[in-house]
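Just so we're on the same page, the numbering used here is the position in the sequence shown counted from 1, plus 7.
Take a look at the structure set out below.
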Amino acid sequence: MDSIGMSCIKYILFFFNLLFSISGLALITVGIIIKNAYYNYSRFIDDKFYSPPWVLIIVGVAVFVVAFFGCCGAIRESNCMLIMFSLLLFVIVILEALVALSGYYLKNDIDLMLQTKMNETISDYGKNPEITKSWDILQLDVSNHPLVNMCNGTYY
């Protein structure tokens with residue numbers, strides 16, 4: 008009876024580690040998508056707002072690697088690997104919470120920062136090709152936005 012219960016726990020732990028691996032891959036994917044989606048707007052964004060995608064990617068890689076070790080520890084039934092896995096998983100959960108809190112905290116500063124950066128860069132429009140490209144892409148994205156088109160070019 009004891010071996011059946013331990014076998015069940017082993018496979019449950021393996022299953023949850025598989026879910027953590029998938030969540031790690033999801034964090035990596037979201038980080039890459041955010042990084043690529045806002046690449047053209049990097050001229051308008053301070054560095055402190057552009058770093059969260061990198062944090063998501065790094066944490067995603069860490070989650071994936073730790074979950075992989077958890078899977079190996081569960082299948083091999085290695086006590087040392089499972090204890091190390093538990094400690095690392097705790098650290099990763101804390102890091103994820105800190106990233107979420109920093110995103111929520113920095114959200115309030117974005118409007119002011121965008122106004123400041125846009126006012127700084129508009130004077131270089133036509134002079135600096137990178138800034139000109141960023142402004143052109145921004146104007147194209149805003150003019151093609153479905154909500155702007157639905158409202159005849161006005162914001163609500």
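Beta carbons are placed, not taken as given, at the ideal position from N, Cα and C, and that holds for glycine.
Item                                                                                                                                                                                  : Value
Leaving aside the five residues before and after GLU84 along the sequence, list all residues of the same chain whose C-beta is less than 7 angstroms from its C-beta, in chain order. : LYS17
Assuming ILE99 contacts VAL70 (C-beta within less than 8 angstroms), just tell me the rounded distance between them.                                                                  : 5 angstroms
Cβ of PHE92 within 7 angstroms of Cβ of GLY110?                                                                                                                                       : no
Round the Cβ separation of ILE65 and PHE21 to the nearest angstrom and send it over; I've been treating them as touching at under 8 angstroms.                                        : Contact flag wrong, Cβ pair sits at about 25 angstroms.
So ASN24 and ALA104 are in contact, right, with Cβ under 8 angstroms, and what is the actual spacing, rounded?                                                                        : Not confirmed; about 20 angstroms, so no contact.
When you compare the CB positions of THR123 and TYR132, do they come within less than 7 angstroms of one another, or not?                                                             : no
Output the boundary residues of the alpha helix (DSSP H) element that contains SER109.                                                                                                : 86-113
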